[in-house]
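Peer 1: In the numbering used here, the protein residues as written are 486 to 734. Glycine included, every Cβ here is placed at the ideal spot set by N, Cα and C. Being a predicted model, the structure only gives us computed values, none of them experimental.
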Ligand code: 13P
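1. Could you check if residue 489 is buried or exposed, using at least 16 other CB atoms within 10 Å of its CB as the buried criterion?
2. Taking the straight line between their C-alpha atoms, what separation do you get for residue 519 and residue 552?
3. Ignoring anything shorter than 4 residues, give me the alpha helix (DSSP H) runs that lie fully in the segment 661-723, in order along the chain.
4. Given the structure, does residue 730 come close to ligand 1, in the sense that its CB is under 7 Å from one of the ligand's heavy atoms?
5. Which of the three DSSP states, helix, strand or coil, is assigned to residue 598?
6. To the nearest angstrom, how far is the alpha carbon of residue 713 from that of residue 675?
7. If you draw a straight line from the alpha carbon of residue 653 to that of residue 662, how long is it in whole angstroms?
8. Compute the minimum distance between the beta carbon of residue 494 and the heavy atoms of ligand 1, and state whether it is under 7 Å.
9. So, at 7 Å on beta carbons, what are the nonlocal neighbours of residue 514 in its own chain, with the 5 sequence-adjacent residues on each side left out?
10. Going along the chain, which residues of its own chain have a beta-carbon closer than 6 Å to the beta-carbon of residue 610, five neighbours each way excluded?
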């Protein structure tokens with residue numbers, strides 16, 4: 486059985502006191518044992534978050550990292566710095582990193598390798614833009630993203646990979662992929678992984694959906710047999726909404 490996962494990507498939200506308030510609430514809300522819950526606060530709140538969540542079963546994830554171990558990269562954070570404060574997972578390839586900070590799949594391939602070498606888990610995000618879906622290019626776009634960023638990894642590395650399909654047109658727009666669209670794409674992704682590796686590896690891989698997941702649509706989206714959970718933006722900033730999504734399986 487592959488992991489069911491709900492992860493909250495806080496983006497550039499929540500200062501110290503907001504983080505404390507949100508995590509204290511999250512810690513005390515009920516969650517099903519079989520769901521892995523993760524939160525990704527800003528870099529400045531990571532250490533505080535690991536302390537606040539001790540014993541809660543909720544893990545703390547970084548939103549980005551640099552591929553280099555150290556050096557003249559002003560403003561950047563390395564895997565060693567994250568590991569040093571107990572962070573063992575990182576989100577890479579988010580569409581905002583791609584579009585606003587010009588991260589290509591070639592750059593992301595390097596980041597993924599660095600994170601894996603450091604023993605970290607990677608939540609790898611990808612997905613098509615609206616124009617690409619309108620022109621029916623979405624299956625091919627996603628195939629190319631995975632090929633460039635991930636498909637030269639050894640099979641053994643995939644134990645540390647979680648995929649997050651996030652169609653760009655659904656992020657922060659209130660417009661979500663329909664449960665059928667999500668399932669159709671997730672099945673396509675699992676088939677691609679199976680073709681490049683094998684069915685056993687593809688079967689064990691968790692593939693999350695992200696893009697305007699809310700308490701009122703999570704259950705339907707999670708019914709897809711290849712949809713193993715969600716990467717949640719806006720709704721993860723509210724403890725009750727986030728936990729309602731965690732409990733939507
Ligand atoms: P929203 O849930 O706000 O659409 O954001 C999704 C997302 O970008 C998660 O990484």
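Peer 2: This is what the structure gives:
1. buried
2. 32 Å
3. 664-681, 684-689, 703-707
4. no
5. helix
6. 11 Å
7. 10 Å
8. yes
9. 724, 728
10. 578, 579, 649, 651
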